Structure formats: C-alpha cells, structure tokens
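Protein chains in written order, with the working numbering: chain A, 270 to 379; chain B, 10 to 121.
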C-alpha cells in the first residue's frame, strides 16, 4: 500500500467554483502534513501546512482528520491562476522521510 | 534571504556514467532532502541530510549517495547511471527536520 494516495483528477472547474481535494495516508503515527502546488515543469511550492485544528489562508482551507487518516484542501472562488497540480505531503513518524502523493491536477476554466 | 539553488539546470549523460548534482540550502536551514520526480509522478524521497549526517533514506539503491557540507549545502551522486534515472532531481531545504521544505528549481537529468 502506498504511503500517500491522491486522486490524480483531472479536476476541471469554472472560475468562481469551490473545489476540494482529499489525500489519504497509511501511517497513523505521521506527524506533519503539507500541501504544495506545482506548476508545469517547475518546482513544488509550499501552499500551506496542515494543522490538527485546521487552518485557513485566504481562499484556501486545509483540514486534517487523524481518525480517518486523510487531509483535505478546499479552494473557494477558484481563479485561473489556481490551475496547477496540488501535492499532499506526509512526514514519516520519525520525521525523517517525506512522502508525496502523485498530485491532483486542477484546471480552472474561464 | 537567498532561496534554494541547484546546479546544473540540465544535464545529459550516457548509461553507466556517474553524475554529481549540487544544492545550496536557504539561509538558516540545516536540513536538505533530495527527491527524484519522474514525469507525471510526485517527487520520490531519496534521502535527507541533517547537520552533515544522513538522517533518513527512501527506497533507492546504494548507487545514490550524498553529502552535506558544513555550510549545509549538499551533493547528490549517482553512479552507474541507468535509463530510468532520467528525471527531475529536486533539492529541498528546511529549518529543521520535519519542518516545511522549500524547493530549488531542480536539475533535469537525461540518461541516453
């Protein structure tokens, strides 16, 4: 079983829509969780860390559900510039290995 | 504050050769991780260096090796290159182990 699993999509949504991505992880002892975005042929860029209490940054909300072992990312009022691949990242229990999902592709359509 | 830098940007090698990739970590960061990203896949963790010691390793063979220097810059060495080693190699630095990682632009390696 993979450490981290994501639905690869693609998700094609109109501007202004709300879209949500989920990511499941296999190790219940994992401690740190992150969302990154990656544009085509570029490096991943940190979008936000995911905290147990959930956190929000503008139009983006991240949630962690430890009981069901998944993290989620909600994007409200989608913009054309949100088109990218979104990667979830889970740290190993020991904190010394990072596992990336395969990424979810999002295209926001005018 | 200088971000993470990597060199070279692109590299073409032939099967069986050896390659060294370089990474300069962001100022104030003592931890460097290396990743391999094949087309259409998420980055795969190769290993992590913390204060000049290997701190964790993914499922990669021993021909993938690394170093971290006192200034926390790092090298990734790959021996006996195979065609499947063709990928984008990403370096990421963080303030400490387990913290948010910041990526460099990557080195695109092509093995012919």
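Note that CB positions come from ideal geometry on N, CA and C, so glycine has one too.
Since we're looking at a predicted model, the values are computed, not measured.
9 Å Cβ cut-off: residues of chain A touching residue i
{"i": "residue 57(B)", "result": "365, 366, 367"}
{"i": "residue 99(B)", "result": "312, 313"}
Closer than 9 Å at the beta carbon, the chain B residues around residue i
{"i": "residue 300(A)", "result": "107"}
{"i": "residue 303(A)", "result": "109, 110"}
{"i": "residue 371(A)", "result": "49, 50, 51"}
{"i": "residue 380(A)", "result": "Within the shown structure, residues of chain A are numbered from 270 to 379, placing residue 380(A) beyond reach of any answer."}
Where residue i sits in the DSSP three-state scheme
{"i": "residue 326(A)", "result": "strand"}
{"i": "residue 36(B)", "result": "coil"}
{"i": "residue 123(B)", "result": "Any answer about residue 123(B) is impossible in this case: the structure gives chain B only from 10 up to 121."}
{"i": "residue 350(A)", "result": "helix"}
{"i": "residue 48(B)", "result": "coil"}
{"i": "residue 92(B)", "result": "helix"}
{"i": "residue 118(B)", "result": "strand"}
{"i": "residue 63(B)", "result": "strand"}
Beta-carbon neighbours of residue i, restricted to chain A and to distances below 7 Å
{"i": "residue 113(B)", "result": "312"}
{"i": "residue 67(B)", "result": "366"}
{"i": "residue 42(B)", "result": "367"}
Under 8 Å by beta carbon: chain A residues contacting residue i
{"i": "residue 64(B)", "result": "365"}
{"i": "residue 54(B)", "result": "366, 367, 368, 369"}
Whole-Å CB distance - residue i paired with residue j, under 8 Å assumed
{"i": "residue 91(B)", "j": "residue 79(B)", "result": "Their Cβ separation, rounded to whole angstroms, is 32 Å, which puts residue 91(B) and residue 79(B) out of contact at 8 Å."}
{"i": "residue 47(B)", "j": "residue 89(B)", "result": "18 Å between Cβ atoms; not a contact."}
{"i": "residue 67(B)", "j": "residue 365(A)", "result": "Actually they do not touch by this definition, with Cβ atoms about 10 Å apart."}
{"i": "residue 342(A)", "j": "residue 286(A)", "result": "With 8 Å as the limit, residue 342(A) and residue 286(A) do not qualify as a contact, their Cβ atoms being about 14 Å apart."}
{"i": "residue 369(A)", "j": "residue 273(A)", "result": "7 Å"}
{"i": "residue 55(B)", "j": "residue 20(B)", "result": "That belief does not hold up - the Cβ atoms of residue 55(B) and residue 20(B) are roughly 16 Å apart, past 8 Å."}
Under 7 Å by beta carbon: chain B residues contacting residue i
{"i": "residue 296(A)", "result": "None at all; the shortest Cβ gap to chain B is about 14 Å."}
Contacts of residue i in chain B (Cβ-Cβ under 8 Å)
{"i": "residue 281(A)", "result": "The contacting residues do not exist; residue 281(A) stays about 18 Å from chain B at best."}
{"i": "residue 360(A)", "result": "107"}
Subject >> Three CB pairs or more closer than 8 Å across the segment 29-36 of chain B and the segment 10-20 of chain B >> reply: A contact exists between the segment 29-36 of chain B and the segment 10-20 of chain B.
Original post:
At what residue ranges does the segment 283-335 of chain A contain a whole run of the alpha helix (DSSP H), taking only runs of 4 or more?
Top reply: none
Subject >> Stretch pair the segment 291-303 of chain A + the segment 359-378 of chain A: three plus CB contacts closer than 8 Å >> reply: yes
Original post:
Using 8 Å as the Cβ pair cut-off and three pairs as the minimum, do the segment 36-46 of chain B and the segment 98-110 of chain B touch?
Top reply: yes
Original post:
For the segment 68-82 of chain B against the segment 362-379 of chain A, are there 3 or more C-beta pairs whose distance is under 8 Å?
Top reply: no
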